[in-house]
Amino acid sequence: MSSLADRFAEIRSRMESAAARAGRKAGEIELVAVSKKQPAEALRAAFEEAGQTLFGESRLQEARAKQPELPGRLRWHFIGHLQKNKIRAALPHFELFHGLESLDTAQQFQRIAAEEGLLPRVLLEVNVAGEASKFGFQPAALPGQLEALLALDRLSIEGLMCIPPPVAKAEDARRYFVALRELRDRLQSEARFGLPILSMGMSGDFEVAIEEGATHVRVGTALFGERKKEEG
Ligand SMILES: *Cc1c(COP(=O)(O)O)cnc(C)c1O
10 MSSLADRFAE IRSRMESAAA RAGRKAGEIE LVAVSKKQPA EALRAAFEEA
60 GQTLFGESRL QEARAKQPEL PGRLRWHFIG HLQKNKIRAA LPHFELFHGL
110 ESLDTAQQFQ RIAAEEGLLP RVLLEVNVAG EASKFGFQPA ALPGQLEALL
160 ALDRLSIEGL MCIPPPVAKA EDARRYFVAL RELRDRLQSE ARFGLPILSM
210 GMSGDFEVAI EEGATHVRVG TALFGERKKE EG
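If you read the sequence shown in the numbering used here, its first letter stands for residue 10, the second for the next number, and so on.
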């Protein structure tokens with residue numbers, strides 16, 4: 010198997026090619042190395058051997074156990090779902106929350122951020138395929154909820170995020186990435202409100218996501234290898 014440094018170099022080079030195909034600058038796109046289920050040593054190696062400083066975690070307890078073991082200059086994004094009783098504990102430890110999935114959750118974030126004197130940066134998760142089992146704002150309903158969201162003055166809402174349903178090939182995910190970008194464009198023009206971040210694309214489809222405007226790709230397996238099986 011190739012080294013961790015080789016895999017980071019390969020993914021970054023594929024990101025650059027995808028950006029070039031779309032006439033974009035590679036520097037506009039951030040690689041969020043998804044390190045859930047990876048031990049702290051794997052993150053340390055990614056930092057020391059590949060210069061990676063930005064990591065995405067989806068479980069609070071796991072992330073909080075790793076953070077103190079690693080250099081203070083690493084940057085952390087939360088990419089999962091937070092139970093309500095964990096928002097307070099999570100807020101100070103992540104520079105961006107990718108998966109704010111409902112108005113109700115946004116209101117909880119607002120209340121707790123006000124109590125704690127914090128101004129969290131967040132992305133709204135959109136259920137781009139309208140799957141019944143998935144978290145996220147419904148694309149058709151989101152424009153109508155925007156006013157209520159904008160009233161939450163402790164939240165810095167900076168963009169949209171999606172996790173499309175599994176597809177057979179990367180190309181099949183393109184329509185979901187287009188849908189997220191178009192929704193973002195519509196919200197921006199209707200609300201005159203900047204939503205610069207599009208968090209979309211994972212190991213299997215990040216190049217297509219970049220071609221469609223992703224500013225943040227969340228890549229785990231292609232960098233770190235297979236994770237141990239999920240248990241929830
Ligand atoms: C696990 C996870 C990823 C990374 O998935 P890979 O297929 O391993 O690249 C990206 N985004 C979210 C929200 C995840 O939970």
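Even for Gly, the Cβ is constructed at its ideal location relative to N, Cα and C.
Every value quoted in this text rests on a predicted model; they were computed, and no experiment measured them.
message: In whole angstroms, give me the CA-to-CA distance for F215 and M209.
response: 7 Å
task: Would you decide whether H225 is buried or exposed? Buried here means 16 or more other CB atoms lie within 10 Å of its CB.
output: buried
Contained alpha helix (DSSP H) runs [length at least 4] in the stretch 32-117, N- to C-terminal order: 49-59, 69-75 and 96-99
- prompt: Quick one: is the Cβ of G18 within less than 7 Å of any heavy atom of ligand 1?
  reply: It is Ala, not Gly, that sits at residue 18 in the sequence shown. No, since every heavy atom of ligand 1 falls outside the 7 Å radius drawn around the Cβ of A18.
task: Output the distance between the C-alpha atoms of S67 and K34, rounded to the nearest integer angstrom.
output: 28 Å
task: Look up G213 in the DSSP assignment and give the residues it is bridged to.
output: Answer is none; G213 lacks a bridge partner.
query: Would you call N94 buried or exposed, if buried means 16 or more other Cβ atoms sit within 10 Å of its Cβ?
result: exposed
message: Just verifying my parser: in three-state terms, what is the DSSP assignment at V187?
response: helix
- prompt: Below 8 Å, can you find three or more Cβ-Cβ pairs linking the stretch 97-107 to the stretch 78-87?
  reply: yes
field: Member of R53, Q117 and P173 whose CA lies at the smallest distance from the CA of S212
entry: P173
First and last residue of the uninterrupted beta strand (DSSP E) at R163: First-last for R163: undefined, no H or E at that position.
task: Mind listing, in chain order, the continuous beta strand (DSSP E) runs of no fewer than 3 residues lying wholly within the stretch 111-151?
output: 130-134
message: Distance check for R16 and S26, CA to CA, integer angstroms please.
response: 15 Å
- prompt: Got a sec? Which residues, its chain only, sit under 7 Å from K237 by beta carbon, not counting five neighbours each side?
  reply: K46
task: Check whether the Cβ of I96 lies closer than 7 Å to any heavy atom of ligand 1, and answer yes or no.
output: no
task: Using alpha carbons as the reference points, say which of Q92, E57, E156 and L169 lies closest to R82.
output: E57
field: First through last residue of the alpha helix (DSSP H) which encompasses V20
entry: First, the amino acid is wrong: residue 20 is Ile here, not Val. I20 -> alpha helix (DSSP H) spans L13 to R30.
- request: Return helix, strand or coil for R236, following the three-state DSSP convention.
  value: coil
- request: Compute every distance between the C-beta of S22 and the non-hydrogen atoms of ligand 1, then say whether any falls below 7 Å.
  value: no
Neighbour-count burial assignment, G227, 16 or more Cβ in a 10 Å radius: Note on residue identity: the sequence assigns Arg, not Gly, to residue 227. Counting Cβ neighbours within 10 Å, R227 comes out buried, since at least 16 surround it.
- request: Find the nearest neighbour of L127 within the set L159, L164, E140 and E134, judged by alpha-carbon distance.
  value: L164
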